[in-house]
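So the structure is just underneath, and the comments pick up after that.
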Amino acid sequence: MLLLNGIYDAALLLYALSLLFVFSDCLRRNPGGKRLGTGLLAVVGLLQLTGLAIRFSQEGGLPIFTPYDFLFWFSFSMVVTSFAVTYTRGGEFTVLLLSMAGFSVFLLNRVWLTAEDHTLQSWSAVHGWLAMHVILANLSFAALTLGMVFAIMYLFLHTKLKNKKWDDRVRRLPSLETMDKYSYTAILAGVPLLLASLILAGLSIVAEGRIPLFQDTKVLTTLTGLGVYIVYLVLKFSGRRSGTVMARWAIAGYGFIILNFLLNSWSEFHGWGGE
């Protein structure tokens, strides 16, 4: 346990330093800071991967069955995605926003949760289904986060261009068309993953005979968030809405996803350590 805590604390510190170097590059072009930030990000990913390997050896399986593990995997996916985006043209601000999301979740996880909180061990009969549910939900969360980041960047650039405020940040961003396309692609990938995750969760509940869980408030917010994203896709397919409207829909859908996770503290739906 002491070894794991040391690894996670070191990763958190290096993540913060990486974020500072990335921010400095976005504030004013700093190629050296960008390279250093990218290198530190790679080390953070390796430390997180080492921690996951240790947990795997200790528990004899993937550590995915607690909110702590879910957030840890999300942070790791943000590190991997950020590292990949680093090598794309005009990706500096995308990396900054993704790193802010990943670091915030990693920090929150260290001060708020433990690996023992709310385990799913009582769901032994549908253990495999729940594993797939968690994995798909995490992948969906990562894709929808990427879609939200591009939506925010789209609105930022649109405002700058509308007010005719040209600066270095505007020139370094991808075009409006590119960001709209990337946001749509990420959401198009995330929504089916989210839907598949919810179907598996529903099947698990039915198989375990825990039907009252369908009446939980969390179910309503989950379906509302999914509904917002479905409306987004329908509007996108119709081509009758502007990029700014679509970006706002993308951000609204992500807001429900965040609200959905925050409801874990008051919901019985993921209070799964029960009898």
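Letter by letter, the sequence shown follows residues -19 to 255 in this note's numbering. Glycine residues also receive a C-beta, built at the ideal position from the N, C-alpha and C atoms.
- Top-ranked residue by Cα proximity to Phe121, from Gly13, Ala33, Leu168: Leu168
- Message: Could you give the first and the last residue of the continuous alpha helix (DSSP H) run that contains Gly70?
- Response: Counting along the chain, Gly70 falls outside any alpha helix (DSSP H), and DSSP gives it neither H nor E.
- Are there 16 or more other CB atoms within 10 angstroms of the CB of Ala105, so buried, or fewer, so exposed? Below a pLDDT of 50, predicted positions are generally treated as unreliable, and Ala105, at 46, falls in that range; the measurement from the model is reported next regardless. So Ala105 ends up on the exposed side.
- Nearest-angstrom Cα distance between Asn(-15) and Glu72? The C-alpha of Asn(-15) lies about 30 Å from the C-alpha of Glu72.
- Query: Would DSSP call Asp196 helix, strand or coil?
  - Reply: In this structure, Asp196 counts as coil in the three-state DSSP scheme.
- Message: Determine whether the beta carbon atoms of Ser79 and Ser163 lie at a separation below 8 Å.
- Response: no
- Message: Assuming Asp34 and Leu(-17) are in contact, meaning their beta carbons sit under 8 Å apart, how far apart are those beta carbons, in whole angstroms?
- Response: Residue identity differs from the one stated: residue 34 is Ile in this sequence, not Asp. Ile34 to Leu(-17), Cβ: 7 Å. Contact.
- Message: Taking 8 Å as the threshold (C-beta atoms), are Ala230 and Gly127 in contact?
- Response: yes
- Query: What three-state label does DSSP hand Leu(-1) in the structure shown?
  - Reply: helix
- Task: Taking 8 Å as the threshold, find out whether the segment 212 to 230 comes into contact with the segment 128 to 144 through three or more Cβ pairs.
- Result: Output reads yes: the segment 128 to 144 touches the segment 212 to 230.
- Task: With DSSP as the reference, label Pro154 as helix, strand or coil.
- Result: Reduced to three states, the DSSP call for Pro154 is coil.
- Message: Classify Val150: buried if its beta carbon has 16 or more other beta carbons within 10 angstroms, exposed otherwise.
- Response: exposed
- Three-state secondary structure (DSSP) at Pro47? Note: Pro47 maps to helix in three-state DSSP.
- Task: Output the distance between the C-alpha atoms of Thr201 and Val211, rounded to the nearest integer angstrom.
- Result: 15 Å
- Query: At a Cβ threshold of 8 Å, is Ile185 touching chain C?
  - Reply: Within the model displayed, chain C is absent; a lone protein chain is all it includes.
- Buried/exposed call for Ala117, threshold 16 Cβ in 10 Å: buried
- Query: Around the C-beta of Phe56, are 16 or more other C-beta atoms found within 10 angstroms, so that it is buried, or is it exposed?
  - Reply: It is buried - the Cβ of Phe56 has at least 16 other Cβ atoms within 10 Å.
- Taking Cβ to Cβ, would you say Val114 is nearer than 8 Å to Ile44? yes
- Item | Close-in-space but distant-in-sequence residues of the same chain around Leu(-6) (CB under 6 Å, 5 per side omitted) | Leu20, Val23, Val24
- What distance in whole Å lies between the Cβ atoms of Leu175 and Leu206, which are believed to be in contact at a cut-off of 8 Å? 7 Å
- Query: Got a sec, what are the start and stop residues for the alpha helix (DSSP H) Thr224 sits in?
  - Reply: 223 to 242
- Query: So what's Met(-19) in DSSP terms, helix, strand or just coil?
  - Reply: coil
- Query: So, Cys6 versus Leu51, is the Cβ gap smaller than 8 Å?
  - Reply: Contact flag unset, no.
- Message: For a test of the three-state rule: what should DSSP assign to Arg220, helix, strand or coil?
- Response: coil
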